[in-house]
Amino acid sequence: MCLGIPMRIVEIDRFNARCEAKGVERTVSLFLLQDEPLEPGDHVMVHVGYAIQKMSEADARTAWDLYDEMLLVEGRRMKDEG
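Going by the numbering used here, the first residue of the sequence shown is number 919, and it counts up by one from there.
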(Lines of atoms letter the chains of each structure in order from A and count residues from 1; the text may use other names and numbers.)
(Lines give C-alpha, C1' and ligand atoms only; values in the text may rest on other atoms or scores of the structure.)
Protein backbone atom coordinates (compact mmCIF):
# COMPACT_ATOMS: atom_id res chain seq x y z
CA MET A 1 0.00 0.00 0.00
CA CYS A 2 1.29 3.47 -0.84
CA LEU A 3 0.46 6.50 1.27
CA GLY A 4 0.90 10.16 0.58
CA ILE A 5 2.18 12.22 3.49
CA PRO A 6 0.65 15.64 4.19
CA MET A 7 3.40 18.20 4.77
CA ARG A 8 3.58 21.96 5.33
CA ILE A 9 5.86 24.01 3.09
CA VAL A 10 8.46 25.86 5.14
CA GLU A 11 10.60 27.34 2.37
CA ILE A 12 10.55 27.31 -1.43
CA ASP A 13 13.60 27.36 -3.71
CA ARG A 14 12.41 27.22 -7.33
CA PHE A 15 11.16 23.65 -7.91
CA ASN A 16 12.09 22.37 -4.46
CA ALA A 17 10.67 23.03 -1.04
CA ARG A 18 11.68 22.31 2.51
CA CYS A 19 8.59 20.72 4.04
CA GLU A 20 7.73 19.68 7.60
CA ALA A 21 5.36 17.19 9.19
CA LYS A 22 5.32 16.12 12.84
CA GLY A 23 8.78 17.60 13.44
CA VAL A 24 10.40 15.87 10.44
CA GLU A 25 11.73 18.01 7.58
CA ARG A 26 12.35 16.82 4.03
CA THR A 27 13.31 18.35 0.71
CA VAL A 28 10.39 17.85 -1.67
CA SER A 29 10.20 18.39 -5.42
CA LEU A 30 7.49 20.80 -6.54
CA PHE A 31 8.02 19.94 -10.21
CA LEU A 32 4.63 18.21 -10.59
CA LEU A 33 2.87 21.28 -9.18
CA GLN A 34 4.76 23.93 -11.13
CA ASP A 35 1.50 25.48 -12.40
CA GLU A 36 0.01 25.61 -8.88
CA PRO A 37 0.52 28.81 -6.85
CA LEU A 38 2.40 27.67 -3.73
CA GLU A 39 3.89 29.60 -0.84
CA PRO A 40 5.35 28.85 2.59
CA GLY A 41 2.59 27.74 4.94
CA ASP A 42 0.69 25.84 2.24
CA HIS A 43 0.12 22.11 2.66
CA VAL A 44 0.91 19.50 0.03
CA MET A 45 0.50 15.73 -0.27
CA VAL A 46 3.95 14.17 -0.72
CA HIS A 47 4.63 10.80 -2.33
CA VAL A 48 8.16 9.43 -2.94
CA GLY A 49 9.70 12.88 -2.61
CA TYR A 50 7.27 14.71 -4.91
CA ALA A 51 4.45 17.05 -3.97
CA ILE A 52 1.52 15.60 -5.90
CA GLN A 53 -1.36 17.77 -4.69
CA LYS A 54 -1.96 21.03 -2.87
CA MET A 55 -4.33 20.53 0.06
CA SER A 56 -6.01 22.58 2.74
CA GLU A 57 -4.72 22.61 6.30
CA ALA A 58 -7.98 20.96 7.39
CA ASP A 59 -7.51 18.11 4.87
CA ALA A 60 -3.90 17.64 6.03
CA ARG A 61 -5.04 17.49 9.65
CA THR A 62 -7.79 14.98 8.78
CA ALA A 63 -5.27 12.76 6.97
CA TRP A 64 -2.89 12.84 9.95
CA ASP A 65 -5.74 12.04 12.35
CA LEU A 66 -6.55 8.99 10.23
CA TYR A 67 -2.89 7.89 10.04
CA ASP A 68 -2.53 8.31 13.82
CA GLU A 69 -5.64 6.17 14.36
CA MET A 70 -4.33 3.49 11.99
CA LEU A 71 -1.01 3.36 13.87
CA LEU A 72 -2.80 3.12 17.21
CA VAL A 73 -5.00 0.24 16.02
CA GLU A 74 -2.02 -1.57 14.49
CA GLY A 75 -0.03 -1.11 17.70
CA ARG A 76 -2.85 -2.63 19.74
CA ARG A 77 -3.16 -5.54 17.31
CA MET A 78 0.56 -6.27 17.50
CA LYS A 79 0.48 -6.09 21.31
CA ASP A 80 -2.45 -8.54 21.43
CA GLU A 81 -0.63 -10.95 19.09
CA GLY A 82 2.74 -10.55 20.86
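Note that the Cβ used here is the ideal one computed from N, Cα and C, for glycine as well. Predicted, not measured: the structure shown is a model, and the values here were computed from it.
Environment of residue i [buried if 16+ CB atoms lie within 10 Å]
i	result
residue 951	buried
7 angstroms CB neighbourhood of residue i in its chain, flanking five on each side removed
i	result
residue 924	939, 961, 963, 973, 978, 981, 982
residue 954	972
Same chain, Cβ closer than 6 angstroms to residue i, neighbours up to 5 away in sequence not counted
i	result
residue 935	927, 946, 948
residue 975	961
residue 984	none
residue 968	947, 950
Spatial neighbours of residue i in its chain, beta-carbon cut-off 8 angstroms, leaving aside the 5 residues before and after
i	result
residue 943	928, 936, 937
Should the segment 949-963 be called in touch with the segment 971-983, which here means at least 3 C-beta pairs below 8 angstroms?
yes
Of all the beta strand (DSSP E) runs that stay within the bounds of the segment 920-980, which reach a length of 3 or more residues?
923-931, 934-939, 942-947, 961-965, 968-973
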